[in-house]
């Protein structure tokens, strides 16, 4: 576990550098390009990822790196893999919405063991180490104790993805059954689950770099994180986070299409 702590501490340092880059560019109206998958990318995304990659390579030259913008840099097959999303919420970043973050996770044998989520425009940062708790700005955080969907707050990622994934019935069911629904989206909704202020958060479509860091944060805060099909991995194409009590009920609704 000492290594996991060292990697978390390194990720915090890498996030310091990333925050300087993203905050300097935020609301500066730089050029925006569209990638093949239709998502946006800016020069700041590219610069931030390159800075983090260089720092990882310098500190841990045998480690592998997977980043949203520059793909895989293969290191020792037996060494950890760092997973980077330089700006999660690029559309927010471009639009002047402060809900964006740099996500950094370290994986060993397909399992996340350390992560950092840094949201500089919101002046907050989350971190986690497997089996050692989750934190927001240095304080311990924990999931809620809500036990029924009727009492739960539910957050959804982009609703168009639920239509594409044939999960509109899930949205309808949770809207009808829950106390409150919101659409925080991206990393933020899962961080709110980890902090106990939202009970369920769902992304119908997401990549590993979107989910690796928040998966560990939720789990280390006492919650549960799976894909919509129940697969307990961050690379299964979708993400459901909850306080644990409500998880099986959400998965049942997703499976039945009710």
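Numbering (the numbering used here), first residue to last: 2 to 259. For glycine and all other residues, C-beta sits at the position ideal for the given N, C-alpha and C.
Measuring straight from C-alpha to C-alpha, what distance separates residue i and residue j?
{"i": "residue 7", "j": "residue 81", "result": "13 Å"}
{"i": "residue 259", "j": "residue 174", "result": "The predicted position of residue 259 is uncertain, since its pLDDT is 41 and thus under 50; no value can be drawn from it."}
{"i": "residue 141", "j": "residue 192", "result": "13 Å"}
{"i": "residue 50", "j": "residue 224", "result": "29 Å"}
{"i": "residue 76", "j": "residue 204", "result": "30 Å"}
{"i": "residue 37", "j": "residue 70", "result": "12 Å"}
{"i": "residue 198", "j": "residue 3", "result": "30 Å"}
{"i": "residue 221", "j": "residue 34", "result": "36 Å"}
{"i": "residue 134", "j": "residue 219", "result": "9 Å"}
{"i": "residue 156", "j": "residue 79", "result": "37 Å"}
{"i": "residue 169", "j": "residue 206", "result": "13 Å"}
{"i": "residue 235", "j": "residue 85", "result": "13 Å"}
{"i": "residue 163", "j": "residue 128", "result": "29 Å"}
{"i": "residue 19", "j": "residue 183", "result": "29 Å"}
{"i": "residue 32", "j": "residue 41", "result": "10 Å"}
{"i": "residue 233", "j": "residue 202", "result": "15 Å"}
{"i": "residue 240", "j": "residue 110", "result": "20 Å"}
{"i": "residue 119", "j": "residue 250", "result": "31 Å"}
Which partner residues of residue i appear in the DSSP bridge assignment?
{"i": "residue 157", "result": "203"}
{"i": "residue 72", "result": "68"}
{"i": "residue 181", "result": "154"}
{"i": "residue 226", "result": "242"}
{"i": "residue 43", "result": "33"}
Spatial neighbours of residue i within its chain, please: C-beta separation below 6 Å, excluding the five flanking residues on both sides.
{"i": "residue 114", "result": "5, 107, 131"}
{"i": "residue 171", "result": "254, 255"}
{"i": "residue 100", "result": "90, 93, 189"}
{"i": "residue 44", "result": "31"}
{"i": "residue 54", "result": "66"}
{"i": "residue 11", "result": "60"}
{"i": "residue 158", "result": "186, 204"}
In its own chain, which residues sit with a C-beta less than 7 Å from the C-beta of residue i, not counting the 5 before and 5 after it?
{"i": "residue 180", "result": "151, 152, 153, 154"}
{"i": "residue 27", "result": "94, 122"}
{"i": "residue 178", "result": "150, 151"}
Find the nearest neighbour of residue i within the set the options, judged by alpha-carbon distance.
{"i": "residue 194", "options": "205, 165, 216", "result": "216"}
{"i": "residue 187", "options": "201, 233, 211", "result": "211"}
{"i": "residue 117", "options": "144, 87, 96", "result": "87"}
Say whether chain D places a C-beta atom closer than 9 Å to the C-beta of residue i.
{"i": "residue 44", "result": "Any reference to chain D falls outside this structure, which holds one protein chain only."}
What does a CB cutoff of less than 8 Å around residue i pick up in its chain, not counting 5 residues either side in sequence?
{"i": "residue 73", "result": "65, 66, 67"}
| query | Mind pulling the beta strand (DSSP E) runs of 3 or more residues that sit fully within the stretch 2-37? | reply | 33-35
| field | alpha helix (DSSP H) runs contained entirely in the stretch 66-147, provided each spans 4 or more residues | value | 91-96
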